[in-house]
Amino acid sequence: MYEKGWKKHLQSPYLFIAPYALLFVLIIATPVLVAMVLSFTSFNTIETPVFIGLKNYVDIFTGDTVFLQHAVSNTILFSVIVGPIGYMMAFFLAWMLAQVPHRARTIYAVIIYSPSITGAIMMANVWRIIFSGDEAGYINYILINWFGADSPVQFLQDADYLFPIMIIVSLWGSMGLGFLAMLAGILNIDRSLYEAAAIDGMKNRWQEIFYITIPSIKPQMLFSAVMSIIGTFNAAGLAQALAGGGVPPQYAGWLIVDHANDFGFTRFEMGYASAVTVILLIIVLLFNKIAYRLFGERG
Amino acid sequence: MKRINWNNAVAMIILFTLVLFIGIATSSKVMASSTPYYTYTTDNEDGGVKTSDAYTPGEQILEAGGESFKTLEYVYVDHEDYIYITDSGRAKVFIFDKDLNFIDVIEYNGSVSGADDGFYAVNSIYVTEEKIYIPDSFRNSVFVFDREAILNRDQQYFLWMEDIDDSDSLSTGDVFYLNEEIDGVSTPIGEPVFVVEVTGQNADNRDIVLFKDYETGEELFTKVDKAEMIGKILNWVTYDYDGTDVLKFNIYAAKNEPIQVITTPTAPVFQEGYLFAPKKVVVDTRGNLYIVGAQSNNGLIMLNAEGEFLTFFGGNPLRTPFIDQIRSFILTDIQKEKLRNENLISIDYVSSVAIDEKGFIYTVTSTLENDVIKKYNVSGKNYFSSDALGWVGAVDLWVGDYGNVVVVEEFGWINEYNSNGQLIFTFSVSDAGIDRVGLLSLPKSIAIDSKDRLLVVDQGNKLLQIYEPTAFTNAVHTALQAYQDGDEDLARVNWKSTLEYATIFDLAHIGLGDAYIRQGDYESALVEYKLASYKAGISNTYWQVRQDWMEENLELVFFVVLMLFVGRWIFKILNKKYDYTKGLRNKFKELRTKSRTVDELSYIPEFIKHPLDGYYQIKRKDRVSVKTATIIYGMLAVVFVMYYEVTNIIFLEKTNVNILYELIILGSVLILWVIANYFICLINDGEGSFKNVYVSTAMSFTPLLFVAPVIILLSNVLTYQEAVFYSVPLAFTLIWVSIYFFFMIKEIHNYEVGETVNIIFKSMFTMLIMGIFVFVVYSLNSQIFTVSTEIARELIER
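Heads up: the protein sequence lines correspond to chains A and B, in order. Going by my numbering, the first residue of the first sequence is number 373, and it counts up by one from there. Going by my numbering, the first residue of the second sequence is number 133, and it counts up by one from there.
This is the structure we're talking about:
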């Protein structure tokens, strides 16, 4: 009896998922929960948090003009441009890479993937020089010497230019995990499917893509979509890095995470920063829901 | 100078006074009701709107002290309302006081007799509290006079002349009497003192006049002509003295002498041949001169008070023709150098300049179409709105007391702007050959006096026309001033009163809105801005109104949203268990089976999810009928109307549209598309029938039916700051629809991708051709009719 009961417990499925569950709770669920709880408090990292109800949220929606006028608009615009375009680019690059021979493919994959890991350093070295606001900047050099512009354009200090540049730079660095997942997915597709389709009257590459490739890698595509949504919404600090520290001119390219960082780690208003991140979480969930609708199994 | 015909001059004065008197007597009633021109203001889309009269024609100045004008150039009003009119034909400046009485004239014949450094072109005049500046482009100089000395020139003595032989000129035998003051009245003294004799003419055909003592006949002195003889004759009055008519001369001893003459600066650029030909000048508080020079490519010439060159200022950028830009890209430096000499780059020379009390320099350029007026600060930054409406030909401008700027244009338009460059009034005083008081043939210069009257010089008719501001204009000015002074109540009252004169007057509504905002009344401001369709204002005030509302109600909103979520969740659970909606669903199912249209309409969501299947169904299974497609077109029309009617005005590009007109345009484009696409595909192995094209086109638009109403409604609670929420979904839906469109053509007609692209271009081209054809037929309507009847008659009669 006793032994059987023990064995029964040992065989319990809960025990099997226990290690994962423990780590998940510790590393992911707890911080999120803590952030949610903190968002209802006023907390300066030193004193004990004081519960203040919805005040943080009310302040965000009524008093925080920077958040409402710049951060939200910028984040959404940034995400809806960089997310889908980066996603499509990732798919087509992965598909094209799948067509080249193995050795070359590996080299190409490393080249394409590398911007997403070397982002910050490369940005300082490459993009800031390209868009530099004096004649030494490549684009200004071309504009002045080839097209006869009278004066260099202050690309990185002008609110009108900074945001598009930020988008270009992000697209350049967006071939990350999602891209690798799709590449792996495409390489995993059974060749015989294509052969069978060819026999059945497949006419061209477009049909291959639409009728075989995409349906076969749907899970990877969903993963990639989620990654790109989270990635774009989590982006931060790009505008500052390009414009050279501090707050970018006229809050151009000021994203929600920048706002949270500003309140959390500059002003140490952790409660308020948590509230901002909770709002971001809700937005991300919303967009993820749309992604599931589009790419999920039901579709 | 020719002899002056005294009697004629006198007669002219009398006539003029008479005309003026009659003019004044009648004008107050007649003119007010029938101004010979219309005044316009701008609405929110920079369109012209007719409004009440802003200025009505008033008095005219036709001559100065008996001397008619010859070539009027410029008018200036100083701080004490003295009016200065320059006349290049007479090389003089005429001075009038504020009641338009002729006071004096500024003349300068040169430093020594016969020297070529006197007035010649007298292009304009500028007057400060101490000095008078008169630029003369022909003499390459700016003459500086002392204002007090000019205005208060001492009257040395009076002389009385009796024109013995009635010759109307100074001729042999004319006698002069001395003057005597009796009880403040001046009369001639009993006996003449001089008698004159014309002894001959000098080389310039001027009379040499010998003055002799009346009694002894002793020769006293000779003089050439009257100017040299008696200095300046200012005015003369006819008196009846012992039965003879005598003329009283007002004699000034001193001639006008400039206190300073600024000539070509010594700076190298001028010594190397840069032309210094001052035409207009303004002077700032430090005494620096900003000079409009003839052919001054670099803009205004800025000199300090001593006449030393400081810098060039406010030049118009060179306009390089597009062809030259391309050339400069291709050609080598040597070729460019060669071209440079032959090139005709058009330079836009500044036409006139003005300065306001804050020191902003205003320029106007007659050859420009855009950026006609510029308002520079010291460092040369332009503060005038680049959107300011302007016309080619603007020659002169004046800055009024309220920051308002008036500009006169050679073809007769007079525009008044507020300090930001928004057009307040515009009216055309061009006479177009009609001779009416208040209409001008060639206006050259404009000024405003302290009573806000406009003074305009008409070179063509050789007169100065005065325009009186109406009560409407006065209210506008008072409101502008009050707002600047921070007196919102006064501004509000005055803007309101302007609305009694002109109901469509966006400027007043905007002004009212601004006044309300200063008082913190955002809701009233929003109402006013909406009346004026002032988008930026609407956006900003709505933001504030919404913020105030949120501050009060946000917790309630949170609560309601939470309740809705919880309610929905509970309902879902309960519905799963008890299935409340079963009845509703069954009803709907029944309806679907009964009515084909309902069934087809409820197919739309499924179609949107699987468009490729959908096109297959339409093509092969006749899934959607023509009737349903027509209903969809109707629904699209409703959405389209909604777009113009319901969308927040700040997101619409055109606000005042004729919806029916737009609908007809859109409808005809769609009809053209369906027909063109069908026929093009018919001859290009397309499989789709006409019905297929009609139906699938309708179905391709269906995503709009779902998205557009939502964002149209949503737009009403958005401001420019949240424009993303409006523009992004809209852009996405349009892209979405275009993708469906593409696949529609591909699937319906069974094309490859390349073929599809090809077909789209061909269809568009066909649409264009058909459109042009319809247009031509429409315009030739009557001719075609006549031609066909002619042909018919020919056929019948032969």
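Built from N, CA and C at the ideal position, the CB exists for glycine as well.
Does any residue of chain A bring its CB to less than 8 Å from the CB of residue i?
i, result
"residue 733 of chain B", "no"
"residue 683 of chain B", "yes"
"residue 403 of chain B", "no"
"residue 679 of chain B", "yes"
"residue 860 of chain B", "yes"
Using a C-beta to C-beta distance shorter than 7 Å, which residues of chain B count as neighbours of residue i?
i, result
"residue 732 of chain A", "Here chain A comprises residues numbered 373 to 671, so residue 732 of chain A is not present and cannot be evaluated."
"residue 441 of chain A", "853"
"residue 452 of chain A", "860"
Could you tell me which chain A residues have their CB closer than 7 Å to the CB of residue i, listed as they occur along the chain?
i, result
"residue 856 of chain B", "445, 448 and 449"
Grab me the residues of residue i's own chain with a C-beta within less than 7 Å of its C-beta, minus the 5 sequence neighbours each way, in chain order.
i, result
"residue 411 of chain B", "255, 256, 267, 269, 424, 425 and 426"
"residue 779 of chain B", "844 and 847"
"residue 887 of chain B", "none"
"residue 743 of chain B", "872 and 875"
"residue 541 of chain B", "523, 525, 526 and 527"
"residue 631 of chain B", "637 and 640"
"residue 585 of chain A", "467, 558 and 561"
Need the endpoints of the alpha helix (DSSP H) that residue i sits in, please.
i, result
"residue 402 of chain B", "400-403"
"residue 907 of chain B", "885-911"
"residue 529 of chain B", "Here residue 529 of chain B belongs to no alpha helix (DSSP H); instead the beta strand (DSSP E) covers 526-531."
"residue 739 of chain B", "736-741"
"residue 484 of chain B", "Looking at the DSSP string, residue 484 of chain B is not in any alpha helix (DSSP H); the run it does join, the beta strand (DSSP E), is 484-487."
"residue 202 of chain B", "No alpha helix (DSSP H) holds residue 202 of chain B; DSSP gives it neither H nor E."
"residue 873 of chain B", "855-881"
"residue 280 of chain B", "279-283"
Just checking: is the beta-carbon of residue i within a distance shorter than 8 Å of some beta-carbon in chain B?
i, result
"residue 478 of chain A", "no"
"residue 649 of chain A", "no"
"residue 434 of chain A", "yes"
Name, please, each residue of chain A whose Cβ falls closer than 9 Å to the Cβ of residue i.
i, result
"residue 933 of chain B", "With chain B covering 133 to 930 only, the question about residue 933 of chain B has no answer from this structure."
Looking only at its chain, what residues have a beta carbon closer than 6 Å to the beta carbon of residue i, apart from the 5 residues adjacent to it on each side?
i, result
"residue 407 of chain B", "427"
"residue 764 of chain B", "830"
"residue 278 of chain B", "391"
"residue 224 of chain B", "237 and 239"
Suppose the cutoff is 8 Å on Cβ atoms and the five residues either side in sequence are ignored; what does the same chain contact list for residue i look like?
i, result
"residue 437 of chain B", "418, 419, 420 and 421"
"residue 666 of chain B", "176, 638, 641, 642 and 645"
"residue 732 of chain B", "755, 756, 757 and 760"
"residue 580 of chain A", "566, 569 and 574"
"residue 662 of chain B", "670 and 781"
Give me the chain B residues within the contact set of residue i, using Cβ-Cβ distance strictly less than 9 Å, ordered along the chain.
i, result
"residue 430 of chain A", "682, 683, 686, 687 and 690"
Specify, as a first and last residue, the run of the beta strand (DSSP E) that residue i falls within.
i, result
"residue 412 of chain B", "410-415"
"residue 422 of chain B", "421-425"
"residue 442 of chain B", "441-445"
"residue 461 of chain A", "Looking at the DSSP string, residue 461 of chain A is not in any beta strand (DSSP E); the run it does join, the alpha helix (DSSP H), is 444-471."
"residue 508 of chain B", "505-508"
If we define contact as Cβ-Cβ less than 8 Å, is residue i a contact residue for chain D?
i, result
"residue 421 of chain A", "Although the question refers to chain D, the structure presented lacks it and instead comprises the protein chains A and B."
Ignoring anything shorter than 4 residues or poking outside the segment 543-596 of chain A, list the alpha helix (DSSP H) runs there in chain order.
549-560, 563-572 and 577-580
Please specify which runs of the alpha helix (DSSP H), each continuous and at least 4 residues long, are wholly inside the segment 753-826 of chain B, giving them in chain order.
758-778 and 791-814
Could I get the ranges of all uninterrupted beta strand (DSSP E) runs contained in the segment 238-277 of chain B, with 3 residues as the minimum, in chain order?
263-268
Quick one: which unbroken alpha helix (DSSP H) runs of 4-plus residues sit fully inside the segment 556-641 of chain B? Chain order, please.
603-617 and 620-633
In chain order, which beta strand (DSSP E) runs of at least 3 residues are fully inside the segment 699-724 of chain B?
none
Quick one: complete alpha helix (DSSP H) runs, 4+ long, within the segment 611-664 of chain A?
628-633
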